[in-house]
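Line order of the protein sequences matches chains A and B. So in this note's numbering the end of the first sequence lands on 401, straight run, no missing numbers. So in this note's numbering the end of the second sequence lands on 252, straight run, no missing numbers. Note that CB positions come from ideal geometry on N, CA and C, so glycine has one too. If you're wondering where the values come from, they're calculated on a predicted model, not measured in any experiment. Have a look at the structure below, then the notes.
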Amino acid sequence: MLGMNGKDTTLFIVVCLMVLLAPILLNPFPTGSAFAQFNAGYPALLQRFVIFGILVIGFNILFGLTGYLSFGHAAFLGVGSFAAVWMFKLLSYNIVPAIVLSVIVAGLFSVVIGYVSLRRSGIYFSILTLAFAQMMYSIAYSDLVGKVIGTPITNGETGLQVYNDDPQILLGDGPKTPHLFGLEMNSSFTWDVGGWSFVFQNGYYLAGILMIASFYLAIRIFRSPFGLVLRSIKSNQNRLNYTGISTRPYMLTAFVISGMYAGLAGGLLAAMDPLTGAERMFWTASGEIVIMSILGGVGTLIGPILGAGVIKYMENIVSTINDNVVHGWVAFMPDGLENFFVAIIHPFIGKGWHLTLGLVFMAVVIFLPGGLVELGQRIGAKFRRKKSPESAATSAEKGTV
Amino acid sequence: MGILEVKGVNKRFGGLQALGDVNLSIAENTVHAIIGPNGAGKSTLLNVLVGKLIPDSGSVLFDGQSVLGRQPYEINQMGISRVFQTPEIFADLTVFENVMIPCFAKRDGAFRLHAIGSTRHETDIHETAEAILMDVNMLEKRHMVASSLSRGDKRRLEMAMCLVQEPRLLLLDEPTAGMARADTNNTIDLLKEIKEKRDITMAIIEHDMHVVFSLAERITVLAQGTPLVEETPENIKGHPKVREAYLGEAQV
């Protein structure tokens, strides 16, 4: 279907359904129940799932296919956000020009940064991208460009946002929040059924549709001759040079495509919440993208999206669990035991969620080098082995699921 | 006028004269072996031919065009393919994908943005790739990941990847280095077969005299960076200068 083979079509349909039904699927616990805390089906978090999904899908085209580890991708995200907010400030709250410009601007930046960084490979490439990203962060944080021109461009520490006295020449009587031709991003529809309350938000669905489109494009790139050459760059660049293929333009194209994905994600972040700051470009944000990809499964289609989901879930859910909540769960224990239990759990929850993430990450890297996708494959293989022995032959194809 | 003309090539590494005034002419449709003791400059010469090294002076003409200063991929596009001492293949990809890449390079040139079409729908590429795999008896292994092949099969695959581009000159850098006798003989047979089936010029750099004398039509002996003699295999065997360069050392 749509130029995809059977397996990819299945995967694509599953992803479509997941995005469509996420507000329901990720809200399994009734509102007000003890576990409602674990519900991830609220718009602010769902938006982050799909937006960071777009970011890592793009990152995976670079890192997963070619093996070039960029440590500066958050810079393109940040640039995209700034471009989008500027469109809100100058034109109106319509997100179409904002998102288009954010993709274009991120693309332009990635052409320049990619052109320079791709002169080197391996660790030197990573360091060059990191250096560029940190330079851009510093410039944005101190608003160097704005100081030279004389008017704020990134607005330094305060961050960039829309003010009432901004030109907004196309605003008219249009909505005062980001909208798609009148369809406001932050308006939502709530469906109360039984003890549950499901929220369907415009902004989430817009970002979700764009993620599905990005995912589709990524599948096509993975299966194209271009994608094959990118995979061969990762496999053996020396042979490729002696096969008559010039790797630089291929690498630069992959770099720019993934930069544009990041720009789109940045533009969407601004479209959901029309303000942005330099901290979006900080190197820890770039590192988070790398961790998402590795956690989910580098070079696989679905892995990075899973990785992004797991990390955003932990960041937003594990970090909100505090000692009182744990006390509530283990109230049935005798007092001494209860306090002991809470004391043990304490470092891993709330602000300690990074510790939990670190342990999960270590476990995945050590025991599942292929990421969460490998976990799925192993479980799948166990079930299948019971049914038929010949399925082992297809394991070679699974590498690129 | 040969297909490859090397004229007065010099290359110095610091104080070491790796190549000193090398003149070499490889005639079209021949198998030309370059032999010589260790350190004779064989690999340096090969690296000059493929664009990896730029000589200090001299010229290298392939089919009348200079190859000097060109990138390896440009030289490949001119019609020179190279087989490495240890097979250089795309180890993570399947055998079939390995062969498809040179097909794309041949059809689409050094770069073509072909990011949306699926590789499955490239019927012409599929036909060419299948034909070459048939030629080297590897069609049934097409879905195997290349890293899981035996060493002999890796060599076959690398040859297939070079041949599918229909190069006019195939450079082979010690194609049987480190192989067992049986594998060496298989490689010799494979090369003979290739030579019989198509018009191709081969330049072989080799240590193993068995291979050289089974295949070569012309032999150039390098010693200390300079060509000593160029002769047919029959005349090389008893040539006094060659004895001196090769066996002379051994007899000491």
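Outcome for residue i when other beta-carbon atoms lying within 10 angstroms are tallied against a minimum of 16
{"i": "B:Ser59", "result": "exposed"}
{"i": "A:Arg231", "result": "buried"}
{"i": "B:Val67", "result": "buried"}
{"i": "A:Arg119", "result": "exposed"}
{"i": "A:Ile369", "result": "It is worth fixing the name first, because residue 369 of chain A is Pro in this sequence and not Ile. Classification for A:Pro369: exposed."}
{"i": "A:Met87", "result": "buried"}
{"i": "A:Thr247", "result": "buried"}
{"i": "A:Ser293", "result": "buried"}
{"i": "A:Ala363", "result": "exposed"}
{"i": "A:Ser102", "result": "buried"}
{"i": "B:Ala131", "result": "exposed"}
{"i": "B:Ala182", "result": "exposed"}
{"i": "A:Gly150", "result": "exposed"}
{"i": "B:His210", "result": "exposed"}
{"i": "A:Thr10", "result": "exposed"}
{"i": "B:Arg243", "result": "exposed"}
{"i": "B:Ser57", "result": "exposed"}
{"i": "A:Gly172", "result": "exposed"}
{"i": "B:Asp173", "result": "buried"}
{"i": "B:Lys11", "result": "buried"}
Pair within 9 Å by beta-carbon distance, residue i and residue j
{"i": "B:Cys103", "j": "B:Ile125", "result": "yes"}
{"i": "A:Gly3", "j": "A:Arg220", "result": "yes"}
{"i": "B:Asp135", "j": "B:Lys192", "result": "no"}
{"i": "B:Gln224", "j": "B:Gly41", "result": "yes"}
{"i": "A:Ile113", "j": "A:Phe82", "result": "no"}
{"i": "A:Ala34", "j": "A:Ile317", "result": "no"}
{"i": "A:Lys312", "j": "A:Phe49", "result": "yes"}
{"i": "B:Ile34", "j": "B:Phe62", "result": "no"}
{"i": "B:Gln85", "j": "B:Pro233", "result": "no"}
{"i": "A:Pro167", "j": "A:Leu160", "result": "no"}
{"i": "B:Ile101", "j": "B:Met161", "result": "yes"}
{"i": "A:Ser117", "j": "A:Ser70", "result": "yes"}
Straight-line Cα distance separating residue j from residue i
{"i": "A:Thr276", "j": "A:Val105", "result": "16 Å"}
{"i": "A:Ala393", "j": "A:Gln37", "result": "Only weak support exists for where A:Ala393 lies, its pLDDT of 45 falling under 50; the value from the coordinates is given anyway. Their backbone Cα atoms lie some 43 Å apart in a straight line."}
{"i": "A:His346", "j": "A:Gly358", "result": "15 Å"}
{"i": "B:Asp199", "j": "B:Leu169", "result": "10 Å"}
{"i": "B:Glu206", "j": "B:Pro37", "result": "10 Å"}
{"i": "A:Gly307", "j": "A:Asn186", "result": "26 Å"}
{"i": "A:Gly72", "j": "A:Ser138", "result": "13 Å"}
{"i": "A:Gly336", "j": "A:Gly352", "result": "23 Å"}
{"i": "A:Glu397", "j": "A:Asn60", "result": "In this prediction, A:Glu397 has a pLDDT of 45, which is less than 50 and means its spatial position is unreliable; nothing more can be read from the coordinates."}
{"i": "A:Leu170", "j": "A:Ser92", "result": "5 Å"}
{"i": "A:Ala74", "j": "A:Glu288", "result": "9 Å"}
{"i": "B:Leu228", "j": "B:Thr220", "result": "7 Å"}
{"i": "B:Ala146", "j": "A:Ile233", "result": "15 Å"}
{"i": "A:Asn202", "j": "B:Asn98", "result": "46 Å"}
{"i": "A:Pro178", "j": "A:Ile99", "result": "11 Å"}
{"i": "A:Lys382", "j": "A:Glu374", "result": "12 Å"}
{"i": "A:Val330", "j": "A:Ala84", "result": "47 Å"}
{"i": "B:Leu16", "j": "A:Ala218", "result": "52 Å"}
{"i": "A:Trp196", "j": "A:Asn27", "result": "8 Å"}
Opposing strand residues paired with residue i [DSSP bridges]
{"i": "B:Pro227", "result": "B:Leu222"}
{"i": "B:Arg12", "result": "B:Gln17"}
{"i": "A:Asn94", "result": "A:His179"}
{"i": "B:Thr94", "result": "B:Val145"}
{"i": "A:Leu144", "result": "Per DSSP, none; premise fails for A:Leu144."}
{"i": "A:Thr190", "result": "A:Val199"}
{"i": "B:Phe62", "result": "B:Leu4, B:Gln65"}
{"i": "A:Gln161", "result": "A:Leu275"}
{"i": "B:His239", "result": "According to DSSP, which records beta bridges pairwise, B:His239 is partnered with nothing at all."}
{"i": "A:Glu184", "result": "A:His179"}
{"i": "B:Ile205", "result": "B:Ile34, B:Asp173"}
Chain D within 9 Å of residue i, Cβ atoms only
{"i": "A:Tyr68", "result": "Among the protein chains of the structure shown, namely A and B, there is no chain D."}
Q) Residues in the region 210-240 of chain A with C-beta within 9 Å of chain B's C-beta atoms, listed in sequence order? A) Leu217, Arg220, Ile221, Arg223, Ser224, Pro225, Phe226, Gly227, Leu228, Val229, Arg231, Ser232, Lys234, Ser235, Asn236, Asn238, Arg239, Leu240
Q.
If the cut-off is 9 Å on Cβ atoms, which residues from the region 2-33 of chain A count as contacting chain B, listed in chain order?
A. Gly3, Met4, Asn5
Q) Mind listing which residues of the region 249-276 of chain A have their C-beta closer than 9 Å to chain B's C-betas, in chain order? A) Pro249, Tyr250, Thr253, Ile257
Q: Compile a chain-ordered list of the residues in the region 90-111 of chain B whose CB is closer than 9 Å to at least one CB of chain A.
A: Phe90, Ala91, Asp92, Leu93, Thr94, Glu97, Asn98, Met100, Ile101, Pro102, Phe104, Ala105, Lys106, Asp108, Gly109, Ala110, Phe111
Q) What are the residues of the region 111-132 of chain B that lie near chain A, defined by any Cβ-Cβ distance shorter than 9 Å? A) Phe111, Arg112, Leu113, His114, Ala115, Ile116, Gly117, Ser118, Thr119, Arg120, His121, Glu122, Ile125
Q. Taking Cβ-Cβ distances below 8 Å as the criterion, which residues of the region 32-52 of chain B are in contact with chain A?
A. Val50
Q) Any residues in the region 169-200 of chain B with a beta carbon nearer than 7 Å to a beta carbon of chain A? Which ones, in chain order? A) none
Q) Which of the residues in the region 54-77 of chain B, read from start to end, lie with their CB under 9 Å from any CB of chain A? A) Gln71, Pro72, Tyr73, Glu74, Ile75, Asn76, Gln77
Q. What residues in the region 148-168 of chain B bring their beta carbon closer than 9 Å to a beta carbon of chain A?
A. Ser148, Glu158, Met161, Cys162, Gln165
Q. Along the region 114-140 of chain A, what residues have a CB closer than 8 Å to any CB found in chain B?
A. Residues: none.
Q: Compile a chain-ordered list of the residues in the region 46-72 of chain A whose CB is closer than 9 Å to at least one CB of chain B.
A: none
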